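Just add 12 to the spot in the sequence shown (first one is 1) and you have the numbering used here. By construction, the Cβ of each residue, glycine as well, lies at the ideal position given by its N, Cα and C atoms. As the structure is a computational prediction, the values presented were derived from the model and not from experiment. Structure first, then comments.
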Amino acid sequence: QFDKDEVEAAGLVKFDFLGLRTLTVIDWTVKTINARRAPAGTAGPHPRLPPLDIGRIPLDDAFTYERVFKRARKLGIPVKLHAEQLSDQRGAALVAQFGGLSADHLEHLDETGVRAMAEAGTVAVLLPGAFYALRDTQLPPIDLLRKHAVPMAVATDCNPGTSPMLSLRLAANMACTLFRLTPEEALRGVTVNAARALGLDDRGVLAVGKRADLVVWNAREPAELCYWIGGSLARHLFVAGQLRTSASAP
13 QFDKDEVEAA GLVKFDFLGL RTLTVIDWTV KTINARRAPA GTAGPHPRLP PLDIGRIPLD
73 DAFTYERVFK RARKLGIPVK LHAEQLSDQR GAALVAQFGG LSADHLEHLD ETGVRAMAEA
133 GTVAVLLPGA FYALRDTQLP PIDLLRKHAV PMAVATDCNP GTSPMLSLRL AANMACTLFR
193 LTPEEALRGV TVNAARALGL DDRGVLAVGK RADLVVWNAR EPAELCYWIG GSLARHLFVA
253 GQLRTSASAP
């Protein structure tokens, strides 16, 4: 998960359709709003408004999300949404309607939602760590995402509640073994499509004029990055073209 500083730095608005109301950014938002609200009868910018209690907002209240998304779009802030992890609440279609960068999880996504994402160019972010940690059995509709050419990203969804995963390579491995992605799809998922899911068009590929973020691996072919479980395969790490770390080959 992102904390509030990361969300602000990336210029994103990220919402969760799953009722995960304890995220740092949500807690910070509620405290910020309530700090601007004063008790009834006292001085303040909004003296008659009671404290905000997000526990009273229904999880399926699409109208509330639409208002937030419309406001974000007016302010030029891109949006993302965790959706369709536990059931199909039409969240992916909703965020696609507002040009969302991505919809994440998507185990219960139906073809209507897939079509909406395809038309909007919304990225499907697959999170096999949460699928594994929760011992889920409902696979994301990979074949439908392929059929409609929806770009698929792969991420760790690193969080202490449902996906305590620290390794992006392990996420790529699980995307292949659990979700049946090909190694090429998984590698695109952690590079070019991951950058697209964050609205970053200056990285994710090796090309002239792009930001040179790259890793030199101890591997004979790219598929090995999705094959090995554990261990360190990285030899050199470059960030913006600058060598940051270097490890001896095993």
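DSSP state of valine 227 mapped onto helix, strand, coil | In the sequence shown, residue 227 corresponds to position 215, counting from 1. The answer is strand: DSSP assigns valine 227 an E or B state.
Which residue's Cα is closest to the Cα of valine 227: Gly242, Ile241, Arg181?
-> Walking along the sequence shown from the start, residue 227 turns up at place 215. Among Gly242, Ile241, Arg181, the Cα nearest to that of valine 227 is on Arg181.
Glutamine 254 versus Arg223, Trp229, Pro234, Val80, residue with shortest Cα-Cα distance | In the sequence shown, counting from the first residue as 1, residue 254 sits at position 242. The shortest C-alpha separation from glutamine 254 is found at Arg223.
Cα separation between leucine 151 and leucine 113?
-> The count along the sequence shown starts at 1 and reaches residue 151 at position 139. The count along the sequence shown starts at 1 and reaches residue 113 at position 101. Straight-line Cα distance between these residues: approximately 22 Å.
Can you give me the Cβ contacts of glutamate 197 inside the same chain, cut-off strictly under 7 Å, excluding the 5 residues immediately before and after it?
-> Taking the first residue of the sequence shown as 1, we reach residue 197 at position 185. These residues qualify, in order along the chain: Met164.
Methionine 177 lies in the alpha helix (DSSP H); which residues open and close that run?
-> By 1-based counting over the sequence shown, the position of residue 177 is 165. Neither: methionine 177 is in no alpha helix (DSSP H) and is coded neither H nor E.
Following the continuous beta strand (DSSP E) through valine 135, name the residue where it begins and the one where it ends.
-> The residue given as residue 135 occupies position 123 in the sequence shown. Residues 135-138.
Give me the Cα-Cα distance between valine 220 and leucine 156, rounded to the nearest whole angstrom.
-> Position 208 of the sequence shown, counted from the start, is the residue given in the question as residue 220. Position 144 of the sequence shown, counted from the start, is the residue given in the question as residue 156. Roughly 33 Å separates the two Cα atoms.
Taking C-alpha atoms, which residue in Val204, Ala252, Gly211, Ile69 lies nearest to valine 217?
-> Position 205 of the sequence shown, counted from the first residue, corresponds to residue 217. For valine 217, the nearest C-alpha among the options comes from Val204.
Glycine 216 by DSSP, collapsed to three states: which one?
-> Here residue 216 is taken as the residue at index 204 of the sequence shown, counted from 1. The answer is coil: DSSP assigns glycine 216 none of H, G, I, E or B.
Return the residue from the list Pro234, Ala207, Leu237 that minimises the CA-CA distance to aspartate 225.
-> The residue given as residue 225 occupies position 213 in the sequence shown. With distances taken between Cα atoms, aspartate 225 lies closest to Ala207.
For aspartate 39, name the three-state secondary structure that DSSP assigns.
-> For this step, residue 39 is matched to residue 27 along the sequence shown. Here aspartate 39 sits in helix by DSSP.
Compute the Euclidean distance between the alpha carbons of aspartate 116 and lysine 92, then round it to the nearest angstrom.
-> Here residue 116 refers to the residue found at position 104 of the sequence shown. Here residue 92 refers to the residue found at position 80 of the sequence shown. Cα to Cα, aspartate 116 sits roughly 8 Å from lysine 92.
Based on Cα-Cα distance, which residue from Trp229, Met129, Thr149, Leu121 lies nearest to serine 258?
-> Taking the first residue of the sequence shown as 1, we reach residue 258 at position 246. Out of Trp229, Met129, Thr149, Leu121, Trp229 has the C-alpha closest to the C-alpha of serine 258.
Look at the Cβ atom of glutamate 96, then the Cβ atom of alanine 108, and state whether they are nearer than 7 Å.
-> By 1-based counting over the sequence shown, the position of residue 96 is 84. By 1-based counting over the sequence shown, the position of residue 108 is 96. Not closer than 7 Å, so no.
For the beta strand (DSSP E) holding valine 166, just list the boundary residues, first then last.
-> Start at 1 with the first residue of the sequence shown, and residue 166 comes out as number 154. 164-166 is the extent of the beta strand (DSSP E) around valine 166.
Is it true that the CB of glycine 141 sits closer than 7 Å to the CB of methionine 177?
-> Position 165 of the sequence shown, counting from 1, holds the residue named residue 177. Position 129 of the sequence shown, counting from 1, holds the residue named residue 141. Taking 7 Å as the Cβ cut-off, methionine 177 and glycine 141 qualify as a contacting pair.
Excluding the 5 residues preceding and the 5 following methionine 129 in the sequence, name in chain order all residues of the same chain whose CB lies nearer than 7 Å to its CB.
-> Within the sequence shown, residue 129 is the residue found at index 117, counting from 1. Closer than 7 Å at Cβ, skipping near neighbours: Ala104, Ala108, Ala115, Ala136, Val162.
Quickly, what does DSSP pair glutamine 254 with across the bridge? List them, please.
-> Locating residue 254 in the sequence shown gives position 242, where the first residue counts as 1. Val251.
Quickly, what does DSSP pair alanine 246 with across the bridge? List them, please.
-> As a first step, residue 246 must be located in the sequence shown, where it is residue number 234. According to DSSP, which records beta bridges pairwise, alanine 246 is partnered with Trp229.
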